[in-house]
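**Q**
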Amino acid sequence: MTVTSLPGVRLRRVTVDGTGLNVATAGSGPAVLLLHGFPHTWRLWTEVIGPLARRYRVIAPDLRGFGDSDRPADGYDPGTLAADAAGLLEALDAGPAAVVGIDLGTPPAFLLAMRRPGLVRRLVLMESLLGDLPGAEEFLAAGPPWWFGFHAAPGLAESVLAGHEEEYIDWFLQRGTLGRGVRPDVRAEFVRAYTGTGALRTAFGPYRALAVGARQIREAVSRTRLTVPALTLGAHPVGRSLERQLRPYADRLTGQVIPDCGHIIPLDRPEALLAVLEPFLAADDDRG
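No gaps in the numbering here: position 145 of the sequence shown is 147 in our numbering, and each next residue is one more.
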């Protein structure tokens, strides 16, 4: 393992079903698995890993194809990403874990809880949609975000963006924090992780698997209910759309919206996130 610039955080390599994942770990206690989205790496959780590590064993991987994890040619659908997460928890002997997903990390976190509920003690889903389940009509009234189609077209986005990665990542970081931006070291890490045609191509993999993911989610809710305690957290722009999608299928669901907060909740309003997240995670710590 190697030490990062964050106190108490170490990086290790864990191979899951032939794919090497770069994984940040910290603390001890009941496990908390953190799944990032786009355009992030495990450094999305920079401001919350330390506080969480005071009580928990925090596990924050770079998803396959992102950051310093391997970049296989396929496997970017949420079902495969959920299998990666399950394999990681098993490899680290870390289940059952509280699982937290944001953006592109939300569908695999959800499918992990639906398919492997024994590995998930609590579920937190943030700022994303679950496929085409009903409930997001208000958010989608003007059409889906423009970059969904741009990223989904095979070969297009990476050919257009090569050489302009920094400007593109900055657009998302500014928009996702309501113009406040993120700290320079985190910004630099994101830019590094998404620079180059190969890095871009695999980062767009989940967008190219959106139709597959929507089908996987529909199949999951048609077969079973979400039985683990779940929390949805919205901000700008998703708001309560995710909560409305999930409520018909969840037995124990709490939904909240963090005010004056952009899409990148863990970097934009980390204190507000922890104020909601820590009590939710602590509700059954004795099971750890």
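Even for Gly, the Cβ is constructed at its ideal location relative to N, Cα and C. Bear in mind the structure is a predicted one, so any value in this text is a computation, not a measurement.
(1) Where Thr-27 and Ile-61 are concerned, what is the direct C-alpha to C-alpha distance, given to the nearest angstrom?
(2) For Met-116, which three-state DSSP category applies?
(3) Out of Asp-19, Leu-202, Thr-226 and Thr-43, point me to the one whose CA is closest to Pro-268's CA.
(4) Taking the C-alpha atoms as reference points, what is the distance between Ala-87 and Arg-57?
(5) If you count every other CB in all the chains shown that lies within 10 Å of the CB of Pro-147, and 16 or more means buried, which is it?
(6) Going by CA-CA distance only, name the one from Ile-260, Val-5, Arg-73 and Val-34 that's closest to Leu-23.
(7) Could you say which of Thr-17, Arg-66, Glu-221 and Met-128 lies nearest to Leu-235 if we only look at CA atoms?
(8) Can you tell me which of the three DSSP states Arg-289 falls into?
(9) Since I believe Leu-13 is in contact with Val-325 (beta carbons under 8 angstroms), could you give me their beta-carbon distance rounded to a whole number of angstroms?
(10) Quick check on the DSSP output: the beta strand (DSSP E) that includes Val-11 runs from which residue to which?
(11) Opposite Val-16 in the DSSP bridges: which residues?
(12) Consult DSSP for Val-122 and reduce its assignment to one of helix, strand or coil.
(13) CB-CB under 6 angstroms to Pro-231, same chain, minus the five flanking residues each way: which ones, in chain order?
(14) In the DSSP output, what is Pro-63 paired with across the bridge?
(15) Report the three-state DSSP secondary structure of Thr-226 (helix, strand or coil).
(16) Hey, could you find the ends of the beta strand (DSSP E) Leu-94 is sitting in?
(17) With a Cβ-Cβ cutoff of 9 angstroms, do Ala-96 and Ala-55 count as a contact?
(18) If you count every other CB in all the chains shown that lies within 10 Å of the CB of Val-162, and 16 or more means buried, which is it?
(19) Using the C-alpha atoms, what's the distance from Trp-149 back to Thr-229?
(20) Tell me whether Leu-36 sits in a helix, a strand or coil according to DSSP, three-state version.
(21) From what residue to what residue does the alpha helix (DSSP H) around Ala-205 run?
(22) Have a look at the DSSP bridge pairing and note the partners of Gly-257.
(23) Identify the continuous beta strand (DSSP E) that holds Ala-171 and give its terminal residues.
(24) Going by DSSP in three states, Ile-266 sits in which element: helix, strand or coil?
(25) Are at least three pairs of beta-carbons, each pair with one atom in the stretch 197-210 and one in the stretch 172-185, less than 8 angstroms apart?
(26) What did DSSP end up calling Val-193 once you bin it into helix, strand or coil?
(27) In chain order, what residues of the same chain lie with their CB nearer than 7 angstroms to the CB of Gly-215, ignoring the 5 residues before and after it?
(28) Between the C-alpha atoms of His-238 and Ile-266, what's the straight-line distance to the nearest angstrom?
**A** Looking at the coordinates:
(1) So the alpha carbons of these two residues sit roughly 5 angstroms apart.
(2) Three-state result, Met-116: helix.
(3) Check the Cα spacing between Pro-268 and each of Asp-19, Leu-202, Thr-226 and Thr-43: the tightest is with Thr-43.
(4) Cα-Cα distance, rounded: 21 angstroms.
(5) Exposed, by the Cβ-count rule.
(6) Minimum Cα distance to Leu-23 is reached at Arg-73.
(7) Comparing Cα positions, the closest option is Met-128.
(8) Low confidence applies here, because Arg-289 scores a pLDDT of 46, under 50, leaving its location unreliable and the question unanswered by this model.
(9) Lying before the first or after the last residue shown, residue 325 is absent from the chain, which here runs from 3 to 290.
(10) Following the DSSP letters along the chain, one finds Val-11 in no beta strand (DSSP E), marked with neither H nor E.
(11) Leu-23.
(12) Strand.
(13) Non-local beta-carbon contacts of Pro-231 in its own chain, meaning distances under 6 angstroms to residues more than five positions away in sequence, involve Arg-124 and Arg-254 in chain order.
(14) Its beta-bridge partners are Val-25.
(15) The DSSP-derived three-state label of Thr-226 is coil.
(16) It is not in any beta strand (DSSP E) - Leu-94 carries neither H nor E in the DSSP assignment.
(17) Result no, Cβ atoms of Ala-96 and Ala-55 do not sit closer than 9 angstroms.
(18) That one is exposed.
(19) Distance between the alpha carbons of Thr-229 and Trp-149 is about 33 angstroms.
(20) Strand.
(21) In the DSSP assignment, Ala-205 falls within the alpha helix (DSSP H) that extends over 199-205.
(22) Paired residues: Thr-234.
(23) Note on residue identity: the sequence assigns Ile, not Ala, to residue 171. In the DSSP assignment, Ile-171 falls outside any beta strand (DSSP E) and within the unbroken alpha helix (DSSP H) covering 167-177.
(24) In the structure shown, Ile-266 sits in coil (DSSP, three-state: anything other than H, G, I, E or B).
(25) Too few Cβ pairs lie closer than 8 angstroms, so no.
(26) Three-state DSSP puts Val-193 in a helix.
(27) So the qualifying residues of the chain are Asp-79, Pro-80, Pro-109 and Gly-133.
(28) In a straight line, the C-alpha of His-238 is about 9 angstroms away from that of Ile-266.
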